[in-house]
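Trainee: Have a look at the structure that comes next, please.
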Amino acid sequence: MSALGIGFAAMNYWLMKSEPTTFSVDALAASPKQTTAWDGVRNFQARNMLRDEVKKGDLVFLYHSSCEVPGVVGVMEVVREGYPDATQFDPKDDHYDPDSRREDPRWYCVDVQLKRKFKRIITLEELRAHRRLANLKLLQRGNRLSVMPVTKTEWDYVLSLE
DNA sequence: GCCAACGTTGGC
DNA sequence: GCCAACGTTGGC
270 MSALGIGFAA MNYWLMKSEP TTFSVDALAA SPKQTTAWDG VRNFQARNML
320 RDEVKKGDLV FLYHSSCEVP GVVGVMEVVR EGYPDATQFD PKDDHYDPDS
370 RREDPRWYCV DVQLKRKFKR IITLEELRAH RRLANLKLLQ RGNRLSVMPV
420 TKTEWDYVLS LE
């Protein structure tokens, strides 16, 4: 709370993974308002973050996974907080979940908008080479979450690599 | 395509 | 509640 009594919530930072063959930074750049629903997440831990912790105004690294050069490719901003992921109710969608009820949705998504595409990919290989990033969740052994928190220190350091 | 790591499922 | 089997992720 500031001296003027204006509420102030600390911004949080995140990293979200996408396979570029499914959805890439260029696809996001070409989307209306450069905005998309970050849907299709089907992991409970990641779901909890999307539903409860990811807030409007938070900044997000977009990470390309399962591709020739995995790495961070740009920055997105959360423009809408957690709401039920519509794909869970669509039988034709790959992410359809017949066990989810509309009155008690199992899966959530947020909306993100592209802020900036990096001039170059900050590669996974490069991230691994920096000791200052040793605690980055992305680099932890066995971590497969598609949504994960990034500390402000890590955020600033990764940005400085561009 | 391989495989390590981890999450989920389901029989008991 | 245990735990084996199975499925998925994702780097290599």
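With the numbering used here applied, the first sequence covers 270 to 431.
Glycine included, C-beta positions come from ideal geometry on N, C-alpha and C.
DSSP three-state label for residue 320, please.
Mentor: Looking at residue 320 - three-state DSSP - the assignment turns out to be helix.
Trainee: What does DSSP give as the partner residues of residue 304 in its beta bridges?
Mentor: Partner(s): 382.
Trainee: Identify the continuous beta strand (DSSP E) that holds residue 286 and give its terminal residues.
Mentor: Counting along the chain, the beta strand (DSSP E) containing residue 286 begins and ends at 282-287.
Trainee: By how many angstroms is the C-alpha of residue 430 removed from the C-alpha of residue 340?
Mentor: Spanning the two alpha carbons is a distance of roughly 12 Å.
Trainee: Do residue 379 and residue 343 have their C-beta atoms within less than 8 Å of each other?
Mentor: Against a cut-off of 8 Å, the Cβ pair of residue 343 and residue 379 comes out as no contact.
Trainee: Under 8 Å, with one C-beta from each stretch per pair, do the stretch 409-421 and the stretch 356-364 reach the 3-pair mark?
Mentor: The answer is no - the stretch 356-364 does not touch the stretch 409-421, with fewer than three Cβ pairs under 8 Å.
Trainee: Output the distance between the C-alpha atoms of residue 373 and residue 316, rounded to the nearest integer angstrom.
Mentor: Approximately 14 Å between the Cα atoms of the pair.
Trainee: Report yes if the C-beta distance between residue 325 and residue 281 is below 8 Å; otherwise report no.
Mentor: Against a cut-off of 8 Å, the Cβ pair of residue 281 and residue 325 comes out as no contact.
Trainee: For the structure I just gave you, are there three or more beta carbon pairs, one from the stretch 287-307 and one from the stretch 329-336, closer than 8 Å?
Mentor: Result yes; three or more Cβ-Cβ pairs closer than 8 Å.
Trainee: Go through its chain and collect everything with a Cβ distance to residue 332's Cβ below 6 Å, but skip five positions before and after it.
Mentor: Excluding residues within five positions, the ones whose Cβ falls inside 6 Å are 284, 286, 341.
Trainee: What residue range is occupied by the uninterrupted beta strand (DSSP E) comprising residue 349?
Mentor: It spans 340-353 - the beta strand (DSSP E) in which residue 349 sits, taken as one unbroken run.
Trainee: Buried or exposed: residue 394, going by 16 or more other Cβ atoms within 10 Å of its Cβ?
Mentor: Answer is exposed; the Cβ neighbour count stays below 16.
Trainee: Can you tell me which of the three DSSP states residue 311 falls into?
Mentor: Correct three-state label for residue 311: coil.
Trainee: From the DSSP output, in three-state form, read off residue 421 for me.
Mentor: Note: residue 421 maps to helix in three-state DSSP.
Trainee: For residue 290, which three-state DSSP category applies?
Mentor: DSSP places residue 290 in coil when its eight states are reduced to three.
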